[in-house]
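Undergrad: One structure, as structure tokens, below. Some questions next.
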Amino acid sequence: MNFLDIIQKKKENKALSEEEIKFFIENYVKGEIPDYQVSAFLMAVYFNKLNLDETYYLTKAMIDSGDRVDLSEVPGSKVDKHSTGGVGDTVTLVLGPLLASVGLVFAKMSGRGLGHTGGTLDKLESIPGFNINIGGKEFVEILKKSNIAVIGQTENIVPADKLLYALRDATATVDNVSLIASSILSKKIALGTDGLVLDVKVGSGAFMKDVPSAVELSELMVNLGKKFGRNTKAIITSMNEPLGDAIGNSLEVIEAINILKGKKSGHLKEIALRIGSKLMIMEGLAKTEAEARKVLEGKISDGSAIEKFKEMVELQGGDPSYIDNTDKFKKSSIIKDITSEETGFVKAIEAIEIGIASRDLGAGRHKKGDVLDLSAGIYLHKKVGDFVEKGEKIATIYTEKENEVAGAIERIKAAYAFSDKREDYKLIIEEID
28 MNFLDIIQKK KENKALSEEE IKFFIENYVK GEIPDYQVSA FLMAVYFNKL
78 NLDETYYLTK AMIDSGDRVD LSEVPGSKVD KHSTGGVGDT VTLVLGPLLA
128 SVGLVFAKMS GRGLGHTGGT LDKLESIPGF NINIGGKEFV EILKKSNIAV
178 IGQTENIVPA DKLLYALRDA TATVDNVSLI ASSILSKKIA LGTDGLVLDV
228 KVGSGAFMKD VPSAVELSEL MVNLGKKFGR NTKAIITSMN EPLGDAIGNS
278 LEVIEAINIL KGKKSGHLKE IALRIGSKLM IMEGLAKTEA EARKVLEGKI
328 SDGSAIEKFK EMVELQGGDP SYIDNTDKFK KSSIIKDITS EETGFVKAIE
378 AIEIGIASRD LGAGRHKKGD VLDLSAGIYL HKKVGDFVEK GEKIATIYTE
428 KENEVAGAIE RIKAAYAFSD KREDYKLIIE EID
């Protein structure tokens, strides 16, 4: 078989066979196909697309390029969720302990933040001692003990994705639904969970900028999951403002802790409850959303959810006293309030601008390998639908970077849009089963 013939075939918009796609991935991972040929292939895929079967073959070949995580030793239903990335999106840290407290096994491999979106691993590392570099055997042992573990992706899980993603990034072929779906689903299927809910974000702070493209991606991933025999559903949620009130690493962990302690509500809690209810119904622990939500709310009220969070922190080497007393988290030396220059109802908050401001203050990366300031970030006191008087506090910034303060303040002020009447914010746009 010759890879040039495969490129030619896709260039002519013909469907590829499983053997052809398998040949491509196997030889690319071995280093036998050069990047310049794969770049040409990716551009052909970008313009001519892959059908469902081709996307399935690609995902399967990517999974087979490395190891799978065997969770068969772990009793109970293993569940997972994936977010396509947003700003102030700390759902994993709220959802995981909730699901573990109702008896589901929350097995999660997460990533780091890049650009304007945060990463779960960075957030967890703001808890002193927390270890995300855990191998497969230890991962299984922790799950057996506490039903929950959140770790970094191990080196040999889907190595083909690491290679392809880096090349897609360098060739402007990131935003193709088949390539996005195969990248996400390959890592999820390799993990071996039973039930999966995909949280596909749409809006200014999201990867998908409009609803039709979010629906297309969601439907493809749900169908792909089902082709692999996985119970898969998707929820399309708005990212036209940051999801939580906190944007940053330790700031977001503190917000998640406060939700689990029953001290805070809002959109972040709502999404966690919605996804949690879906997974409970999918795994037969509840018949209706109302029934599932009641159980989940009960786990917050009786302290089970926060205890699960503490248990996870302890088993992964972190200091649980930070969960009991969030005042122990390191504070930034520069803390500045931002006030509104207008009176009115908050109409929108450009999430991407808030994410960029948070990154510039030290909470995010400009490039891989950048060292983060885990206490830096932004706290939003006013969200969409809230009434604001001129001169009232809308946000607070936390940083060590004096030279970034003025720019961040301007960016945050510009991110807020006001209206003279209150407008409803549609958080959940669509559900795909």
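Going by my numbering, the first residue of the sequence shown is number 28, and it counts up by one from there. Heads up, the beta-carbon is just placed ideally off N, CA and C, and yes, glycines get one too. Since the model is a prediction, treat every value here as computed from it, not as a measurement.
Between which two residues does the alpha helix (DSSP H) holding GLY163 run?
TA: GLY163 -> alpha helix (DSSP H) spans 163-173.
Undergrad: Is the beta carbon of PHE133 closer than 9 Å to that of ASN174?
TA: For ASN174 and PHE133, yes; Cβs fall inside 9 Å.
Undergrad: Does the Cβ-Cβ distance between ASP364 and ARG438 come in under 9 Å?
TA: No, they are not a contact pair.
Undergrad: Use the C-beta contact count for SER360: other C-beta atoms within 10 angstroms, 16 or more gives buried, fewer gives exposed.
TA: SER360 comes out exposed.
Undergrad: So GLY123 is in the alpha helix (DSSP H); what residue range does that whole segment cover?
TA: First-last of the alpha helix (DSSP H) with GLY123: 118-128.
Undergrad: Helix, strand or coil, according to DSSP, for HIS109 in the structure here?
TA: Strand at HIS109.
Undergrad: With DSSP as the reference, label GLY303 as helix, strand or coil.
TA: Residue state, collapsed to three classes: helix.
Undergrad: Count Cβ pairs between the region 113-131 and the region 185-195 that sit closer than 8 Å; are there 3 or more?
TA: At 8 Å Cβ cutoff, the stretches do not touch.
Undergrad: Closest to ILE424 by C-alpha separation, out of ASN158, LYS440, VAL242, GLY412, would be which residue?
TA: Measuring from the Cα of ILE424, the nearest candidate turns out to be LYS440.
Undergrad: Expressed to the nearest angstrom, what Euclidean distance is found between the alpha-carbon atoms of LYS87 and ILE421?
TA: Roughly 48 Å between the two C-alpha positions.
Undergrad: Using only the alpha-carbon positions, how far apart do LEU323 and GLU431 sit?
TA: So the two alpha carbons sit approximately 41 Å from each other.
Undergrad: Quick check for students: name the residue ranges of the alpha helix (DSSP H) that lie wholly in the region 237-282, counting only runs of 4 or more.
TA: Runs found: 238-254.
Undergrad: Please return the same chain residues whose Cβ sits closer than 8 Å to the Cβ of PHE30, not counting the five positions on each side in sequence.
TA: Counting only Cβ-Cβ distances below 8 Å, and skipping sequence neighbours, we find PHE50, PHE51, ASN54, ILE60, GLN64, PHE68.
Undergrad: Report, in whole angstroms, the separation of the C-beta atoms of ASP107 and LYS150, which I expect to be a contact under 8 Å.
TA: Rounded, the Cβ-Cβ distance is 17 Å, inconsistent with contact.
Undergrad: Buried or exposed: which applies to GLU100, given that a residue is buried once 16 or more other Cβ atoms fall within 10 Å of its Cβ?
TA: Classification for GLU100: exposed.
Undergrad: Pairing CB atoms from the region 280-289 with CB atoms from the region 242-249, are three or more of them under 8 Å?
TA: The answer is no - the region 242-249 does not touch the region 280-289, with fewer than three Cβ pairs under 8 Å.
Undergrad: So, for GLY230: in the same chain, excluding its five sequence neighbours on each side, which residues have a beta-carbon less than 6 Å away from its beta-carbon?
TA: Excluding positions up to five away in sequence, the list reads SER265, MET266, ASN267.
Undergrad: When DSSP labels each residue in this structure, what does ASP32 get in the three-state scheme?
TA: It is helical.
Undergrad: Label THR370 either buried or exposed according to how many other C-beta atoms from any shown protein chain fall within 10 Å of its C-beta, with 16 as the threshold for buried.
TA: THR370 should be labelled exposed.
Undergrad: As a quick exercise: from SER348, ALA261, ILE34, pick the residue whose alpha carbon is nearest that of GLY222.
TA: Checking every option, the nearest Cα to that of GLY222 belongs to ALA261.
Undergrad: Return the first residue and the last residue of the alpha helix (DSSP H) that SER137 is part of.
TA: SER137 -> not in any alpha helix (DSSP H); beta strand (DSSP E) instead, spanning 132-137.
Undergrad: Taking its Cβ as the centre, do 16 or more other Cβ atoms sit within 10 Å of ALA332, making it buried, or is it exposed?
TA: Answer is buried; the Cβ neighbour count reaches 16.
Undergrad: Given a threshold of 16 other Cβ atoms within 10 Å of its Cβ, counted over all protein chains shown, does MET339 qualify as buried or as exposed?
TA: Buried, since its Cβ has 16 or more Cβ neighbours within 10 Å.
Undergrad: Since GLY325 is in the alpha helix (DSSP H), which residue starts that stretch and which ends it?
TA: Taken as a continuous stretch (DSSP letters only), the alpha helix (DSSP H) holding GLY325 covers 316-328.
Undergrad: Within 10 angstroms of the Cβ of GLY162, are there 16 or more other Cβ atoms? Answer buried if so, exposed if not.
TA: Exposed, by the Cβ-count rule.
Undergrad: Would you grab the beta carbon distance between LEU454 and GLU297 for me? Rounded to a whole angstrom, and I think it's under 8 Å.
TA: Their Cβ separation, rounded to whole angstroms, is 6 Å, which keeps LEU454 and GLU297 in contact under 8 Å.
Undergrad: If you check the beta carbons only, do ILE154 and ASP400 fall under 9 Å apart?
TA: Taking 9 Å as the Cβ cut-off, ILE154 and ASP400 do not qualify as a contacting pair.
Undergrad: Counting along the chain, where does the alpha helix (DSSP H) carrying SER402 start and finish?
TA: Premise fails: SER402 is in no alpha helix (DSSP H) and is neither H nor E.
Undergrad: Measuring straight from C-alpha to C-alpha, what distance separates VAL398 and ALA127?
TA: Taking the straight line joining both Cα atoms gives about 32 Å.
Undergrad: At the 9 Å Cβ level, is LYS296 part of the contact set with chain B, yes or no?
TA: The structure shown contains no chain B, having only a single protein chain.
Undergrad: Which ranges would you report for the alpha helix (DSSP H) in the region 50-79 if only whole runs of at least 4 residues count?
TA: With a minimum length of 4 residues, the continuous alpha helix (DSSP H) runs that stay inside the region 50-79 are 62-75.
Undergrad: Out of ASN352, GLY232, ILE90, GLY293, which has the shortest C-alpha to C-alpha gap to VAL114?
TA: Comparing Cα-Cα distances from VAL114 to each of ASN352, GLY232, ILE90, GLY293, the minimum goes to GLY232.
Undergrad: Taking one C-beta from the region 89-100 and one from the region 208-216 each time, how about it: are there three or more such pairs within less than 8 Å?
TA: The region 89-100 is in contact with the region 208-216.
Undergrad: My output table needs one value for PHE356: the three-state DSSP class, helix, strand or coil.
TA: If DSSP states are grouped into helix, strand and coil, PHE356 belongs with coil.
Undergrad: CA-CA distance, PRO269 and SER104?
TA: The alpha-carbon atoms of PRO269 and SER104 are separated by roughly 31 Å.
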